[in-house]
Structure formats: structure tokens, C-alpha cells
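The next block holds one structure in the form of C-alpha cells; read it before the comments.
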Amino acid sequence: MSAIYDPHAVEKAVQRTWEEARSFEAGESGPGEKYYCLAMFPYPSGQLHMGHVRCYTLADVINRYHRLKGYNVMQPMGWDAFGLPAENAAIKHGIPPAVWTRDNIDYMRGQMKALGFGIDWSREFATCDPEYYHWEQWFFIKLYEKGLVYRKSSVVNWDPVDQTVLANEQVVDGRGWRSGALVERREMPQWFLKITDYAEELLDWLDRLDGWPESVKTMQRNWIGRSEGVDIDFPVGEGEPPLTVYTTRPDTLLGATYVAVAAEHPLARRAAAQDPKVAAFVDQCIHRKTAEAEIATLEKEGVPTGLTVEHPLTGERLPVWVANFVLMEYGSGAVMSVPAHDQRDWEFARKYGIPIKQVIEPVPDASGALPPCDLEQAAFVPYGRLINSGAFDGLTSAEAFDAIASALEAKGLGRRRTNYRLRDWGVSRQRYWGCPIPMIHCGRCGIVPVPEEDLPVVLPTDVKFEGVRSPLTTMESFYKVSCPRCKGEARRETDTFDTFMESSWYYARFACPDANQPMLDDRADYWTPVDHYVGGIEHAILHLLYARFFHKLMRDHGLIHSDEPFTRLLMLGMVLMGGKKMSKSSGDAANPQSLMDKYGADAVRTAMMFAAPPDQSVEWTEAGVEGQARFLKRLWNLVQDHLAGGPVPALDAAALSSAGRELRRKTHETLKRADDDYGRRLMFNTVVSAVHELTNAVSKFEPAGDADRAAVREALRVAVLVLSPIAPHVTQALWEALGEATLLVEARWPAVDESALEQQQIELVVQVNGKVRGKVTVAADADQEAAQAAALANDNVARFVEGKAVRKVITVPGKLINIVVG
RNA sequence: GCCCGGGUGGCGAAAUUGGUAGACGCGCCAGACUCAAAAUCUGGUUCUGGCAACAGAGUGUCGGUUCGACUCCGACCCCGGGCACCA
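Read in order, the letters of the first sequence are residues -15 to 806 in this note's numbering.
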């Protein structure tokens, strides 16, 4: 062992040892229960950033802790390789996306190896490998055959200058980011997956995901958005289909004073053809992007169409407005508006002078108070009792829900319905760098799936970008095909899949990356569900919901035999610098490479784990790395100093000095605390603190003799082992130096010696009226009376109690005594 | 706008079930070593008053529950994530 700690030499040597021992290659017959630890695979953007370092270090800590606990751990790694940035690089620098992506993967793999992650690299794949997306195409066709895939028109951001579809991210202030042209909403036929068929199951199973954070489950529940309501038909005219709206408040139906439709709604189109004012408004609505946030924050505006519909109960004619806040893609693209009892409708009605008709009056709430109701100030939203509603007057909102629903059903103008906010998943992208959608359009046969034996449809990688459009659309060799059915001339689909498709099943493929009969085999049932899934909070809804959906699709196809993909979920906070998200200008501290070059991987890993608990956002600074580099050096020197003292005898607890017993207590407290922090609490920052405390105790400790030196040996051994999941290289070197023959990755977590934790004396906090006034030391087995007597005997406590009557004494055994005086 | 989080010293944070607020680290201050600096080591470090013992205040703001509140409840302010084509 070298006298001076050289992190780079140590890390290289230890990584070579792991490689030679194939320490991280996992098999299905390993000893112990299986443990599948997975971090969300990265997009190969160029180089690792601190967010990656955080995510993969956390997963690696979990992986290595479970190895110490005797599990058969598998931690794979791969690349979420399709996506927009590769196309942007191609457009900007003329590098083919495939080349750019492969180069990035090679570089980032090297960085991950240098960080010492315990990854089974034999399972690696990239989603742009045809061997991977082959099975995605195969499965898509199976879903198509089962009726879970359909085609439907949907709205996209259209750049009229570049003649291309833009992602929301590529629309800046309503304009295309490259062309600067005003973006238009345009409808296009697209492929959809029927996730709504699984809405109920996706919702119900959330209740059983005990290992998921409550916040993520709540977000998913709200996203799926189950509600009970009524579809209500408003007749338009003879021989025309009625205007159907969905509402969760049929009790307010008699208060409806207008209906509002989206700009893309057929009624809006009809009105626009006749009225230039409506046409102008509809036209203006075209220039906004598809993002919901955009629409929800708009100033609410609208125009009357001049058309009316009939109120289904009163027969009264209600005006139809076109409004910019109604979404065509959600529900029927129309809403009924009740200004008296909906705040948004109220504001709209006030703005345009539409009547506000109260039909609900307040009733006392649980505390007996009447909720405020002043329709001059705001809508009255709570439930109450019906008024101005004819036959329904006097009913409560709940009663009226049923009565009105029944009345509508009797007239054939309404139906009770459970509704979901969740919309079907549009998987088409008008882009090049993605998995080709395995479909063929034939003039005679219509849609024809690519036959199984012709899969995969390989994405051509030798491409040149001319302009910004997908090269596939002009590549005859790709799109010109003969129809598999009639053999006539046909056109191959040139859209590619949403990249969420690839990330929805990769976790299962890692179990059997070479399976080809079909996409998964028995090994998937051994390893899945993933025991612990680690990733960024930004994926709390979309990615996790799609992956859950896919898991159920694969289950229902007999490919896998569990119900959910991820048993336990760890959602990471963001990595911030100076309180802001990292950016290119964040400098050296944001670059893991320069920090690793300077301080070594162990210091970077330790600093990252120490900075904050995993689920919180973390403030990242180079000073933090420096501090932990200093700590690792101190630990190294401490072991050196100890070894210089020569051999130690076997530990004899009875022979220890009282200071030696104290050190031993600290050792076993550290072991106990760290076990809980690693396994249950997932607080790796306090594990680092605990090891700091233990090493501080060792360096302050002066052994009274060889018996005490055995306590030092034990303390150092525990410090090294407990720290090893976080700083695996330096601890391996120290472990060896301490005379341990087996590799640390093969070691087992030692049992806590409960007898070492026992204390003869304990300190009690004494409060008077809830304020700390003193501390007393009593025997650990002292009874309540003795403890109280000791508390009252304390000088400072006596000062505050003197001359006052003791009303009550509250004792928290072993901790605190509160004397209440008055 | 809607949904989900978060707010504690100069800074990152800790306080696990309502029971000592600030462990651990950074920074800073002082000292030791040094011709000097760096590195290292030792001590101090929430704020106010006090030589000290100690006292008062203090966990975004305001209010409540409790013997006792960073922790529970209500209202509000600020910051972050997501909002279906960034991944």
C-alpha cells in the first residue's frame, strides 16, 4: 500500500481487478435472491453531466449495498439512442445521426467505466440497434392485430417555411426556432395506441405500488383523471347530430347560458365559412402551439358563431361561442358553460356580457358555516341546493346529479359516463432518427403491416440532410415498396415512433438482450419486475405511465407474467448550480470529467452522495468535492497510522478501556444507522456523515493498549465497509491493506453487536414549560421518580421552578423531562 | 392556469414516530508548523446582550392545536418539476 493516496492509480487498479474477476456479470443462478437495480438509461448527448453522475452513482450505491446484503444483483446499462438532438447535430454539422450517436456512446461508456459503476456491460444495447427495435416493430404489429392500434387525425405544430412538424420545444414564442416563421396548428393522420383501454387498470394498480413515492402516484392519478359525469346532447337542428358535451356537474345544467367549442370544431368551421369575424378568430387560434400550458395561460377569448343549440331540458336556444380555451383533442371539443358556478365561465361571461344564471344556493358546510356566495365577485363553485331549476328545485347537488341524469336518459339526450382525462398515446413522429413504423400504405389494400419475415424494417443510416425534413420522405429506396398483399405498388410509412416507445420496454430486454424467439424469454420473468428503479423526477408521469402500460401489454400477450414493471421507485431531484439548472456556462464544476481528473471518481461520487438526500434537488459545487477528497485522504492516512502500530490481537470486549468501549459503541451505532439509511430511508448523505463521525472518533481516540487497538481495527474495518458502496475504489484498497483477503464486492454486511450499544449512563434533557433549562446524567436503568428527582436537583432548573407550583411533569423515557409550572 | 414538490446559520444540509434546532461538510476567524506561502493539524463559528454563567430571539409569512411544533391543521408568499412532439 502506497503511503500517499493517489486516487487515479487506485481507481485504475481496482477497476482492473473487477474486470478480471468479472465481478458484475450477473447470472440467473447466482446465490441469494435476485435484485434488479436499474437507473433510467441515458440519452447519448455527448458527455455525462452531473445529473447522470448523480443518477448512476445512486443506483450503484443501491446495487453495491444489496451485494453486501447477499443478493444476486444485476445492474445493466444501455442507451436511449433515438431522438431529436442527433438530427439537430446532423442538420448543423452534417454528421449522420448514427455516427454522432455511436461516437457519443463510446465516449460516455468510457466515462461510466471511469466512475467505477458496477455494471454488467455484457447486457449493453442501444435502442437504435436493429436487433432491439426489430421487436418493437414486431410487437406493434401484434398490437395492431389485436385492435390496440388505430389511426386518427391529430394536431401538430407546423412550420410553413421549413415545411416540417416541430416539437413543442422547437416552438419559441410562437415561431419555429430555425425559420422564425409563425407556427400553425395543422391536423395530420397519426398512429395511436389505446392506452385508454388500460386507464382503469393503470389507476387501480397505483394503490398497490407501496414502493413508489406518494407524490408520483398522486401525479399519475391526476393525470389519468377519472371522473364520474354525464354526456349531454344539445340538439342542433333537424337531421343534424347533436352537440355532445361531457360534464361532472349536471346539477348545474339549468344554469347553462351558452356552449363553447374549439376553433377546430365542425360548428366553428361552419360559422367561419359564413362570418368573417368568426373566420378571423379561428384563423388567429391557429397560431399557437399545441402545449396545454400555452392554452391554459392564454387570455380567455371568444366570438359568438351566430349558431344556437337547444337546451335538452328547457328547449331554450343557447348561443354557441368559439373559445380559445376549449381543446379539440380533449373530449368532444365542446363544453357547456355555467357562468354562475364555474369560475372560468364566469370570467368569460362577464367579459362578453353573457347572462349569469344562479341555480345552486349555498348550504351550511361541515362546520355549520355558509360558504360565501356573491355572483358580482365570483362564481359559486361548491355543491349546494338547487334553485331556478323547475322540477329539480330543492334537491341537493348530489340528488340533482342523479335526477337530471335520469331525466336526460329518459329523453335520450344524455348518458352517465365514467370519463378519463388520459388521452390515447400518439406514437407517430414525422422524423428521421427513430424506429421506422412497420406499416405499408397500399392504394388498393389500405393499411398493410410489414410481414413478420420482413422485419426489422431497418432505418437507413447512410443519409444526408438537405434542409430540415426527414430524409426518409424523399428516399425512394426506402419508401417505394410492393404491397405484401396484392404485390402492387405501395408506399412505406415514413413516420417513426415516439422515442418513449423504446424506453417503455428496455428494462425487460436487459434481462435477455439476445432473445429472438420472440422479444423476451424466461430470463425476463426471473429478473423483472425491476426491484429498484432510479431516475429523474421529470419522468414521474409520461415515461413511467407508458412503461407501466407496455408491461401490461406484454403481460397480456404472454411475454411476461407480472403486473407492474417497477416495484420500488426512487425519483431524484435536479442538480442545480448557483440555484439554477445546469447550462453550458456552468463551467468546470458541471463537468464530471475535469473533476474526476482533478480529484478522482471516489471523491466526485462521495461529494455527490453527501450533498443532499436523493429526492431533493442538489446544489453542486467544486468546493464540496474538495472537502470529500480531503476526507478520503484523511481516512487513508488513518489506516496507514494504525497499520504502522503493528499487528493487533483479536477483539476482546471485556478488555477494553472505557474510551475503547465508547469507540466500539460508535462503531456499532454507525453500522446500525448506515444499514437503515441505505436500505430503508435511502439517505446516503447521512451515511457519509456517519462515516465522517466514526473516523473523527478514531482519530481522536488514544488507545490505552493493544486491546484498544483491536477496537480501532474494528472501527476502521466498519468505516471502510460502510463507505464502500459510495467510494468503492479507495475502500477496496484499504480493505486489502487491513488484511482482508476477499474482494469488498464479495464481502457481507456484518451483524451489529447489540451488547456494544448498551450504555450505563444516559443524559436527560430537562425542560421547564417546554424550554430547555438543563441536562442531567442518570443511570440508564433509573426509574421515573429517580430521574425526576435528579431533574429538580439541577441548579438552573431549580431557579425556574422556585416559588411556583408544579402542575404536571411529563417524562419521555430515556430522553426528556418537562416540568410544567404556573 | 392546472397537478406535484420544496423553503432551516454566510453556504450544502441534519433533526427517522410531536420531544435538546443546526449533527456532518464547506466557508470564515484564530492558533501551531514554515523564512514565507500552500498543504496539514488544533480550536472557534445561528443571531442579539454578557468576561462568563446564562438570558432573549430564531426553521418563508400570518394564524391555530399542544405541556412541547422544522414536524400536525388553516390561509398566504416565493422557488423548482410536469402539462401529452425535449428526453
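Note that the Cβ used here is the ideal one computed from N, Cα and C, for glycine as well.
Starting from Y91, trace the beta strand (DSSP E) in both directions and tell me its first and last residue. Run containing Y91: none in the beta strand (DSSP E); it sits in the alpha helix (DSSP H), P81 to A98.
Sort out for me which residues DSSP pairs D301 with in a bridge. Checking the sequence, you will find Arg at residue 301 rather than Asp. According to DSSP, which records beta bridges pairwise, R301 is partnered with E294.
If you pair each beta-carbon of the stretch 539 to 554 with each one of the stretch 500 to 508, do three or more pairs fall below 8 angstroms? The stretch 539 to 554 is in contact with the stretch 500 to 508.
Below 8 angstroms between beta carbons: does that hold for K18 and N47? Taking the C-beta atoms as reference points, N47 is found no nearer than 8 angstroms to K18.
Using the three-state DSSP reduction, which class does S487 fall into: helix, strand or coil? In the three-state reduction of the DSSP assignment, S487 falls in the helix class.
Just how far apart, CA to CA, sit S138 and Q414? S138 and Q414 have their C-alpha atoms roughly 13 angstroms apart.
Can you tell me which residues form a DSSP beta bridge with Y819? With the chain running from -15 to 806 in the structure shown, residue 819 is simply not present.
For the beta strand (DSSP E) containing Q204, list its first residue and its last residue. For Q204, no beta strand (DSSP E) segment is defined; the enclosing uninterrupted segment is the alpha helix (DSSP H) at E198 to I208.
Return helix, strand or coil for G798, following the three-state DSSP convention. Shown here, G798 sits in coil according to DSSP, grouped into three states, outside any helix or strand.
D692 - containing beta strand (DSSP E), residue span: Bounds of any beta strand (DSSP E) do not take in D692; it lies within the alpha helix (DSSP H) bounded by D690 to L707.
Would L406 pass as a contact of W105 if the rule is Cβ separation under 8 angstroms? Contact: no.
For W122, does the three-state DSSP call read helix, strand or coil? Judged by DSSP in its simplified three-state form, W122 adopts helix.
Going by DSSP in three states, C426 sits in which element: helix, strand or coil? If DSSP states are grouped into helix, strand and coil, C426 belongs with the strands.
Span separating the alpha-carbon of R93 from that of D515: R93 and D515: Cα-Cα distance of roughly 24 angstroms.
Rounded C-alpha distance that separates G723 from S739: If you take the alpha carbons of G723 and S739, they lie about 26 angstroms apart.
Pull up the distance between the alpha-carbon of R334 and that of Y134, whole angstroms please. About 42 angstroms.
Just the Cα atoms here: how many angstroms apart are Y(-11) and G410? Cα-Cα distance, rounded: 55 angstroms.
Should T458 be labelled buried (16 or more other beta-carbon atoms within 10 Å of its own) or exposed? Its Cβ having fewer than 16 others within 10 Å, T458 is exposed.
Under the rule that 16 or more other beta-carbon atoms within 10 Å means buried, what is T298, buried or exposed? With fewer than 16 other beta carbons inside 10 angstroms of its own, T298 counts as exposed.
Alpha helix (DSSP H) segment containing M811, residue limits: Here the chain covers residues -15 to 806 and nothing more, so residue 811 does not appear.
Coarse secondary structure for F66, derived from DSSP in three states: If DSSP states are grouped into helix, strand and coil, F66 belongs with coil.
Return the chain-ordered list of same chain residues with a C-beta closer than 8 angstroms to the C-beta of P348, the five sequence neighbours on each side being excluded. The residues are L354.
Three or more C-beta pairs closer than 8 angstroms, one from the stretch 358 to 376 and one from the stretch 257 to 269: is that the case here? Using a Cβ-Cβ distance cut-off of 8 angstroms, the stretch 358 to 376 and the stretch 257 to 269 are not in contact, since fewer than three pairs of beta carbons, one from each stretch, lie closer than that value.
Within its chain, find whatever has a CB closer than 6 angstroms to the CB of M(-15); leave out the 5 residues flanking it on each side and keep chain order. These residues qualify, in order along the chain: A721.
Which ranges would you report for the beta strand (DSSP E) in the stretch 383 to 452 if only whole runs of at least 3 residues count? The stretch 383 to 452 contains these whole beta strand (DSSP E) runs: 398 to 404, 423 to 426 and 430 to 433.
Mind checking whether V145 and R170 have CB atoms under 8 angstroms apart? Contact flag unset, no.
Please classify A725 as buried or exposed, where buried requires at least 16 neighbouring CB atoms within 10 angstroms. Its Cβ having fewer than 16 others within 10 Å, A725 is exposed.
What is the rounded straight-line gap between the Cα of V752 and the Cα of E742? Going from the Cα of V752 to the Cα of E742 covers about 29 angstroms.
Quick check on the DSSP output: what are the complete beta strand (DSSP E) runs of length 3 or more inside the stretch -2 to 44, in order along the chain? The stretch -2 to 44 contains, as complete beta strand (DSSP E) runs of 3+ residues, the segments 18 to 23 (chain order).
Does the Cβ-Cβ distance between V304 and V293 come in under 8 angstroms? Less than 8 angstroms separates the beta-carbon of V304 from that of V293.
Flag this pair as yes or no: are the beta carbons of R210 and Y404 separated by less than 8 angstroms? Against a cut-off of 8 angstroms, the Cβ pair of Y404 and R210 comes out as a contact.
Neighbourhood of A98 by C-beta distance below 7 angstroms, restricted to the same chain and skipping five residues each side: Its chain contains M580 and A585 as the residues whose beta carbon lies nearer than 7 angstroms to that of A98, once the 5 sequence neighbours on both sides are disregarded; these appear in chain order.
Of the residues A643, A639, A634 and T679, the one placed nearest L655, counting alpha carbons only: Looking at the Cα atoms, T679 is the closest of the given residues.
Quick check on this structure: which residue in E184, G14 and T41 has the alpha carbon closest to the alpha carbon of P598? It is T41 whose Cα lies nearest to the Cα of P598.
Inter-residue spacing [alpha-carbon to alpha-carbon] between T402 and L748: Using only the alpha carbons, I get a separation of about 59 angstroms.
Quick check on DSSP: helix, strand or coil for T281? In the structure shown, T281 sits in coil (DSSP, three-state: anything other than H, G, I, E or B).
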